Structure formats: C-alpha cells, structure tokens
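Chemist: Before I ask anything, let me first share the structure, which is written out below as structure tokens.
There are 2 protein chains.
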Amino acid sequence: MNNTRETLQKKIIFDCLKNNKVHPTAEDVYNIVHKDYPNISKATVYRVLSKLSENGQIRKLDFDTSSRFDDEIAPHYHFVCKRCNKIIDVFLNEERLTQLDEFKQTFNDFSIDDTEIVFKGLCKDCQKKEN
Amino acid sequence: MNNTRETLQKKIIFDCLKNNKVHPTAEDVYNIVHKDYPNISKATVYRVLSKLSENGQIRKLDFDTSSRFDDEIAPHYHFVCKRCNKIIDVFLNEERLTQLDEFKQTFNDFSIDDTEIVFKGLCKDCQKKEN
DNA sequence: ATATTATTAGTAATCATTATTAATAAGTAA
DNA sequence: TTACTTATTAATAATGATTACTAATAATAT
C-alpha cells in the first residue's frame, strides 16, 4: 500500500511546468492552470510544487522575492537580467563541471550536495536599450 | 547640495552589521539594535538596509525565506548547512577567481556584473551528528 | 536662527506562503 | 461493484516578511 495518491491536480501542475519553461512562480502556475481548471486551489498549487521539489522531480529557485520552479532537474545554473528580470539557463560544459567538482572537494569543513549559481547583469536586448 | 542625510539610525544599523558578521536578517538587526536603541523603528531598519545594499555598502543575500545582510563586500560566496542552517563564507583563491572570470567572458548573450554562488550540504558538526 | 525637506517612528497595508478544516475522491479490500 | 479508509483538495483564515503611509522630527543649506 502506497501512502501517496495520483491525483488530477498533481498531473495538471506538473504538466504546466513541462509546458512553461520560464521558471514560473507558484502564482504564475496558479494563473496558468486556473484558465483551464478554474476550481483548482492556490494552496494546492503551492503544496504540490513544494512536494514535487522535495521529491526532486522539479527544482525550486530562490533568487527572487518569490520562489520560482524549474522542470529542468539536470545540473545547470541561471542568469537573471537586472533590467527585464528575464531568466536564462546556463549549462556548464564538461571541463567546467569538472573544475567545479574539484573545487567542491577542496573543502574540509563541509560536504557539498547542491550548488546554486546565479549570474546577474544585462541581457543582450537590455544592453542595446541601455545605449 | 547632497540630497541624503547622515543620521544616527544609519550609523547604528551599519555599525550593527560590522559587529555581527553572522549574516543577520533585517529582523535580527532590529532585535539587536532595539536593545540599545529601543525607539528605532523596524521600518527604518528595513529601509536603511535596503538603501545600503543599493549603494553597494553592504550585500543582500537571498537564499533564505527572509533576506540576509552581509557587511563583507569583497567578492565571496556562501555555504549553507541544510541541517543547522549555519552560513559559512567561501572565498575563492586567485586561480579560481580567474577561472570564474574566464568563464563569465564566454557568454555572448549577456554581460555579467554579479555572481552569487550558494553551496548547500552538511557542515562538519552536522556530519558527525548524522552518524 | 530659520527654513527646507530628507528621514524617522509608528502603524496599516500588502504580498507570499502556510495552516486549518470539512468535503472529496484515490486506492484497497470485501 | 460497493463500501471503507484516509490522502488530498478547495476555500479561506492565519502567519511572516516587507513595503507604504503619514505626521512628527531633525539634518543641512541659507
């Protein structure tokens, strides 16, 4: 006997993330699913997103006033534009990943499970507008 | 003519950060300064900390449910213990800083001003307790 | 010293998130 | 299929962090 249940709400919310790869907030997800499923509760969205990230099925990103959610669970990092707040995924190549791993092993005071890297600056479009 | 004023409150709050290098939240700072200056307002603490970080005099850290503030403005990164929530400063040596700079220059889609890195795992003490 | 106005204290308002609770429905067993 | 157990949900209240508001205060230019 399994103590979790497969519900329509969980499927809807998970699918929403799969179809909206823009790092939406819980509020964003609620607004999207609300269009097609107007009686889904906001608390359900928060709870399901929270549970999914606990289970490692999605990632919770905490570099903003409200948390954002990412269906991409492969190791990657983020760039945030200071002007338009756009978020761009940053993947490291093999060489960089190796460097990062080596670096993490140089610490004796702690063991590292997760690494979050956020780059901030101006995206291409906003650089143009700045001139 | 300067449109900002040097107030006792600003000095008290800035000094508080200098004397409490534990990455306190705004609430923490309020509680500390409140002991010696009971009529300082919580809104003032929030406003002054926000202004100081805008001016680059302190750093605002956003890896928690509430923002934390750091008087150390030299480039450095952070480790957060998942168990006891302790925060440890992580400084990169010259070699690593150079690697990071090189990496940042490989992007054509954006320019990078700031880089925030948060490592998460277990600190030495909590690793022991885990066994 | 006076005038101007940036800043503050105190508090209300807002925003994001979590807790509560009665109703619902997923999974199990009869 | 039907009944049963209880995880999950909808709706909403409560909480916690932060910001907005406003009259009073005090830093600085004149």
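Chains as they are written, first to last, in my numbering: chain G, 1 to 131; chain S, 1001 to 1131.
Note that beta-carbon positions come from the ideal geometry of N, C-alpha and C, so glycine has one too.
Source: prediction; values computed, not measured.
#1: Using a C-beta to C-beta distance shorter than 7 Å, which residues of chain S count as neighbours of residue 73 of chain G?
#2: Tell me, please, whether the CB atom of residue 68 of chain G is closer than 8 Å to any CB atom in chain S?
#3: Which value, in whole angstroms, describes the spacing of the CA atoms of residue 1050 of chain S and residue 1074 of chain S?
#4: When you compare each of S:1005, S:1124, S:1097, S:1064 to residue 1026 of chain S by their alpha carbons, which one comes out closest?
#5: Leaving out five residues before and five after residue 18 of chain G in sequence, what residues of the same chain have Cβ atoms less than 8 Å from its Cβ?
#6: In the structure shown, what three-state DSSP assignment does residue 1114 of chain S receive?
#7: I want to verify the contact list: residues of chain S whose CB lies under 7 Å from the CB of residue 124 of chain G, in sequence order.
#8: Give the straight-line distance between the Cα atoms of residue 82 of chain G and residue 8 of chain G, rounded to the nearest whole angstrom.
#9: Below 8 Å on C-beta distance, what does residue 1056 of chain S contact in chain G?
#10: Excluding the 5 residues preceding and the 5 following residue 1126 of chain S in the sequence, name in chain order all residues of the same chain whose CB lies nearer than 7 Å to its CB.
#11: Using a 10 Å radius around the Cβ and a threshold of 16 neighbouring Cβ atoms, would you call residue 1023 of chain S buried or exposed?
#12: Going along chain S in order, which residues have a C-beta closer than 7 Å to the C-beta of residue 84 of chain G?
#13: Just the chain G side, please: which residues come within less than 7 Å of residue 1118 of chain S by C-beta, in chain order?
Modeler: Result, derived from the coordinates:
#1: Residue numbering aside, residue 73 of chain G sits at position 73 when the first sequence is read from its first letter. Result: empty, since nearest Cβ-Cβ is about 15 Å, beyond 7 Å.
#2: If you number the first sequence from 1, residue 68 of chain G lands on position 68. No, because no Cβ of chain S sits closer than 8 Å to the Cβ of residue 68 of chain G.
#3: Numbered from 1 along the second sequence, position 50 holds the residue referred to as residue 1050 of chain S. Numbered from 1 along the second sequence, position 74 holds the residue referred to as residue 1074 of chain S. In a straight line, the C-alpha of residue 1050 of chain S is about 18 Å away from that of residue 1074 of chain S.
#4: Locating residue 1026 of chain S in the second sequence gives position 26, where the first residue counts as 1. It is S:1064.
#5: As a working mapping, residue 18 of chain G is identified with position 18 in the first sequence. Excluding positions up to five away in sequence, the list reads 71.
#6: To locate residue 1114 of chain S, count along the second sequence from 1; it is residue 114. Of the three classes helix, strand and coil, the one that applies to residue 1114 of chain S here is strand, per DSSP.
#7: Locating residue 124 of chain G in the first sequence gives position 124, counting from the first residue. Under the 7 Å cutoff, chain S gives 1109, 1110.
#8: Looking up residue 82 of chain G in the first sequence gives position 82. Looking up residue 8 of chain G in the first sequence gives position 8. In a straight line, the C-alpha of residue 82 of chain G is about 37 Å away from that of residue 8 of chain G.
#9: Here residue 1056 of chain S refers to the residue found at position 56 when the second sequence is read from its first residue. Chain G residues near residue 1056 of chain S: none, gap ~13 Å exceeds 8 Å.
#10: For the purposes of this step, residue 1126 of chain S is taken as the residue at position 126 of the second sequence. 1081, 1083, 1084, listed in sequence order.
#11: Here residue 1023 of chain S is taken as the residue at index 23 of the second sequence, counted from 1. It is buried - the Cβ of residue 1023 of chain S has at least 16 other Cβ atoms within 10 Å.
#12: Stepping through the first sequence from its first residue, residue 84 of chain G is reached at position 84. Residues of chain S passing the Cβ test: none, with the nearest at roughly 11 Å.
#13: Numbered from 1 along the second sequence, position 118 holds the residue referred to as residue 1118 of chain S. Within 7 Å Cβ-Cβ: 116.
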